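A.B. asks:
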Amino acid sequence: MARTRTMRDALLVLVGALCMHIATSFLGAFQPDLFASDSGVGSFPDHHDAHDLNVQKSFNAAKNPPKQTTPVIHTSQTNLAFDLPETIVESHAPGWTVFKNLYMANGTLFVVSSHPYSDFPDIKFMTSTGLPAENTPENIAARMPTSKDLDFITPEQARARWGPVATETQPQIAPNRVYSVQGNTFLINDPSQFLDHYYHFCAELLLGTWAFWQGTHNIKVNSKHADLMTAPPVTRAIFPHADANGWRDRPSFNSYFLRAAFPSLTVEVAEDWHDRVLSTSADGAHARAWHFDKVLLADRSAAFRGDICGTQVHRTAGEAFHHMRNAGRLSKWWWEPVRRAVLRFANIDESVLDIGVRAAAQADKQTNGVAALPAYGEKVVVTYINRQGVRRHLIDEDHARLVDDIAKLCEKNGWEWNDVKAERLTKEQQLELVARTTVLLGVHGNGLTHLIMMSPTPISTVIELFYPNGFAHDYEWTARALGHKHFAVWNDTYHTYPNLPWVNYPEGFQGTRIPVHAPTVTQIIEDRIAGRLP
Ligand SMILES: *[C@@H]1O[C@H](CO)[C@@H](O)[C@H](O)[C@H]1NC(C)=O
Ligand SMILES: *[C@@H]1O[C@H](CO)[C@@H](O)[C@H](O)[C@H]1NC(C)=O
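Taken in order, the sequence shown gives residues -25 to -1, 1 to 509; the numbers are from mature numbering (1 follows the signal peptide of the UniProt record, and there is no 0).
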């Protein structure tokens, strides 16, 4: 009896020592590089230094390969087998939360923490049930999250659920049943109601995600390095409430932008999430969980519970952008890495990509706020998104006069004039044109979403034609967040930030008889290019 015990004890010590050894050699060999770019806090690492550093690292690695004294064991399983790291919220604004070490089992997200109730935001500001939104009291209540959506447990509770089951004869030397989903995950908890729409996906979700992700890592893009994807790479995007077509828009800009900006990102949709849910749905000794290294959780309903999105700009991206901008974590060039990646993918000339950077350099040189060179030395391009064939559009006579007057104005000044029916151009033609455009003009609608690909300059301008007294923040806020001046035109008057009207959808807003007084528009264009409307 005594002898068996001694032998078993000796065996346990041996197993324990082996585990320690594997864990430490894993930490030594792999850990430091995983989030290397996180450490560039406060400043942008010099391109050449970063490059040289990587070359040096891989050179060293080739010269001194890590010693393989033990069989290769899957990296983070080794880690998680004996340790369940606690969840940390790295940054948070309503609807936007970046977690380190988030767990999921049976469809519930778990925060594992020794201080579960004091250290975390209210779950209604982090998530929702993910149901489509309607503006009824019943639906608002139905979107409120419960502990089924996101729950808090202590490390002891986590071990009790997913750790080894101890018995008299079987001490706890078995590994935890927790499996790592490595890398960086964008978890988008929204229904396809908004995801399958170019504006909401690219100009709202992607924009907000990028602002929040970049701000979380405090990476300040400057104009010299604007073409680098500087934030930590994103491994995957998960859409638990959308099927394969649920995040795709009809002209397929969503997939184009996502693939262009993040070529190595993989997408999981509802079916894939369901696999992950089902495989962790067992109870008792077979209970399992997924561990996500790092997650940006985005939730539209949660963003609308915030003040900026809910009562001010009605843009979910507004919560992400203003949170990071106010914290001093977004530079003027914050969107450039995505914009450039998409335009490069579209094979657009490098000199076009640099319009904003060149104009900024010119603006720095000028004195007394007056441009030394008209239009900062760039060709002025006026582009009109013509929607006369589409449901919401201008009165035909007003449209004819508008097109005529702007064409004349452009001819007089040697500016380029484009009267465009976007659906007749290829994606590349549309993107090439909008990347060169100084003044983008059109009736309120999805066609204006292209403004996210314009070059920001001191005179870049978006003119949105509304039915008089009608207003929505979609393109106004977006233009402003990206450094373009926006004018909301009501026939013969206009509004611009900070003097904005209330959001309003009057009778006629969606109609085919939107009036516009052409001289009002041509005056805005002339004044803006001349620097009279800064
Ligand atoms: C898993 O989730 C389903 C659906 O919410 C629920 O009915 C079931 O009881 C859950 N199982 C466990 C083990 O929690
Ligand atoms: C638009 O403005 C013009 C010029 O002020 C005016 O003559 C016209 O009646 C206005 N149209 C509408 C529908 O208000």
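Virtual Cβ for every residue (Gly too), placed ideally from N, Cα, C.
Values in this document were obtained by computation on a predicted structure and should not be read as measured data.
Under 7 Å, CB to any heavy atom of ligand 1. Which residues pass, going along the chain?
C.D. replies: Spelled out in chain order, the answer is N81, G82, K123, S256, A257, D258 and A262.
A.B. asks: Between D380 and ligand 2, is there a pair consisting of the residue's CB and a ligand heavy atom that are separated by less than 8 Å?
C.D. replies: D380 Cβ: outside cutoff for every heavy atom of ligand 2.
A.B. asks: Ligand 2 and D371: does the residue's C-beta get closer than 8 Å to at least one heavy atom of that ligand?
C.D. replies: D371: no, Cβ never under 8 Å from ligand 2.
A.B. asks: Are the CB atoms of D394 and I489 nearer to each other than 9 Å?
C.D. replies: No. Outside cutoff.
A.B. asks: Confirm the yes/no value for this check: CB of N466, any heavy atom of ligand 2, distance under 8 Å.
C.D. replies: For ligand 2, at least one heavy atom lies less than 8 Å from the Cβ of N466.
A.B. asks: Is M119 helix, strand or coil when you go by DSSP?
C.D. replies: Three-state DSSP puts M119 in coil, outside helix and strand.
A.B. asks: Take every Cβ of the segment 412 to 427, pair it with every Cβ of the segment 334 to 341, and state whether three or more of those distances are shorter than 8 Å.
C.D. replies: With a cut-off of 8 Å, the segment 334 to 341 and the segment 412 to 427 do not count as touching, because too few Cβ pairs lie within range.
A.B. asks: Using only CA atoms, which one of V355, N322 and F320 lies nearest to G331?
C.D. replies: Checking every option, the nearest Cα to that of G331 belongs to V355.
A.B. asks: Based on DSSP bridge pairs, tell me the residues matched to K469.
C.D. replies: In the sequence as presented, Lys is not what sits at residue 469; that position holds Tyr. V464.
A.B. asks: Taking 8 Å as the cut-off, is the beta-carbon of H297 closer than that to any non-hydrogen atom of ligand 2?
C.D. replies: No, ligand 2 has no heavy atom inside 8 Å of this Cβ.
A.B. asks: Please look up how many angstroms separate the CB atoms of S306 and N197, rounded, as I've assumed it's under 8 Å.
C.D. replies: Indeed, because the Cβ distance is near 6 Å, the residues count as touching under 8 Å.
A.B. asks: So, for H448: in the same chain, excluding its five sequence neighbours on each side, which residues have a beta-carbon less than 7 Å away from its beta-carbon?
C.D. replies: Answer for H448: V288, H289, R290 and V478, listed in chain order.
A.B. asks: Output the distance between the C-alpha atoms of D502 and L508, rounded to the nearest integer angstrom.
C.D. replies: The straight-line gap from Cα to Cα measures roughly 6 Å.
A.B. asks: Out of curiosity, what's the CA-to-CA distance linking P112 and Y480?
C.D. replies: Using only the alpha carbons, I get a separation of about 21 Å.
A.B. asks: Could you tell me which residues DSSP pairs with D282 in its beta bridges?
C.D. replies: In DSSP, D282 forms no bridge with anything.
A.B. asks: Can you give the beta carbon distance from V156 to F267, rounded, assuming they're within the 8 Å contact cut?
C.D. replies: The pair is a contact, with the Cβ atoms about 5 Å apart (cut-off 8 Å).
A.B. asks: Got a sec, what are the start and stop residues for the beta strand (DSSP E) A68 sits in?
C.D. replies: Residues I63 to A68.
A.B. asks: Across the segment 213 to 224 and the segment 162 to 169, are there enough close Cβ pairs to call them in contact, namely three or more that are closer than 8 Å?
C.D. replies: Counting Cβ pairs under 8 Å, three or more are found: they touch.
A.B. asks: Mind checking whether T191 and T210 have CB atoms under 9 Å apart?
C.D. replies: For T191 and T210, no; Cβs fall outside 9 Å.
A.B. asks: If you check the beta carbons only, do A456 and G293 fall under 9 Å apart?
C.D. replies: In this structure, G293 lies closer than 9 Å to A456 by Cβ.
A.B. asks: Between the C-alpha atoms of F296 and Y78, what's the straight-line distance to the nearest angstrom?
C.D. replies: Straight-line Cα distance between these residues: approximately 27 Å.
A.B. asks: The alpha helix (DSSP H) spanning R319 covers which residue range?
C.D. replies: Segment E311 to F320, the alpha helix (DSSP H) holding R319.
A.B. asks: Distance check for P139 and L84, CA to CA, integer angstroms please.
C.D. replies: Going by the C-alpha atoms only, they are around 21 Å apart.
A.B. asks: Would you give the residue range spanned by the beta strand (DSSP E) that Y351 belongs to?
C.D. replies: Per DSSP, Y351 belongs to no beta strand (DSSP E) and is neither H nor E.
A.B. asks: What I want to know is whether the C-beta of P490 ends up closer than 8 Å to one or more non-hydrogen atoms of ligand 2.
C.D. replies: P490: yes, Cβ under 8 Å from ligand 2.
A.B. asks: Helix, strand or coil, according to DSSP, for N301 in the structure here?
C.D. replies: N301: helix per DSSP, three-state reduction.
A.B. asks: Going by alpha carbons, who is nearest to L271 out of D58, T497, S66 and E61?
C.D. replies: Measuring from the Cα of L271, the nearest candidate turns out to be S66.
A.B. asks: Could you name the residues of the same chain whose beta carbon sits closer than 8 Å to that of M119, not counting the 5 residues immediately before and after it, in chain order?
C.D. replies: So the qualifying residues of the chain are K99, S103 and T104.
A.B. asks: So, is T436 buried or exposed, given that buried needs 16 or more other C-beta atoms within 10 angstroms?
C.D. replies: Buried is the call here.
A.B. asks: Please go through the same chain and pick out, in chain order, the residues whose beta-carbon is closer than 6 Å to the beta-carbon of N220, but skip the five residues on each side of it.
C.D. replies: Excluding positions up to five away in sequence, the list is empty.
A.B. asks: Would you list the one or two residues that DSSP bridges to D268?
C.D. replies: DSSP, once it has assigned bridges, lists no residue as partnering D268.
A.B. asks: Can you give the Cα-Cα distance for V464 and F127, rounded to whole angstroms?
C.D. replies: Approximately 49 Å between the Cα atoms of the pair.
A.B. asks: Check this for me: beta carbons of S256 and N76, under 9 Å apart or not?
C.D. replies: Cβ distance not < 9 Å, so S256 and N76 don't count as in contact.
A.B. asks: Of the residues D371, C284, A116 and S93, which one's Cα is nearest the Cα of L180?
C.D. replies: The shortest C-alpha separation from L180 is found at C284.
A.B. asks: Using DSSP bridges, identify the partner residues of V242.
C.D. replies: Answer is A212.
A.B. asks: Under the three-state reduction of DSSP, which class applies to M79: helix, strand or coil?
C.D. replies: M79 falls in the strand class under three-state DSSP.
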